[in-house]
Structure formats: structure tokens, C-alpha cells
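Residue numbers (UniProt numbering): 1 to 36.
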């Protein structure tokens, strides 16, 4: 289940446009979550 979710998240992030793709990339970094 987790692998499928990760694949779908990567697919969604790779096919999204700015600024959503940047935001999704920031979500993957733990130190960036603290700044949101």
C-alpha cells in the first residue's frame, strides 16, 4: 500500500505544474514542513 501511494505521489508531482510541483517537492523534505 505504501509503495503504491509513493508511486502515485511521484507521478502526481512529476505531472503537475508550478507552483504545485514546487509545493509537493517541499512536502517531501521534513525541514521544509516546519516552515509551512
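Note that beta-carbon positions come from the ideal geometry of N, C-alpha and C, so glycine has one too.
Give the DSSP-derived three-state secondary structure of residue i in the structure shown.
i: residue 22; result: helix
i: residue 5; result: helix
i: residue 30; result: helix
Would you mind giving the Cβ-Cβ distance between residue i and residue j, rounded to the nearest angstrom? I have them listed as a contact below 8 Å.
i: residue 25; j: residue 7; result: Incorrect: roughly 16 Å between the Cβ atoms, too far for contact.
For residue i, which residues of its own chain have a beta-carbon under 7 Å away from its beta-carbon, when the five flanking residues on both sides are left out?
i: residue 28; result: none
Please work out which residues of its chain come closer than 8 Å, Cβ to Cβ, to residue i, disregarding the five sequence neighbours upstream and downstream, and give them in chain order.
i: residue 10; result: none
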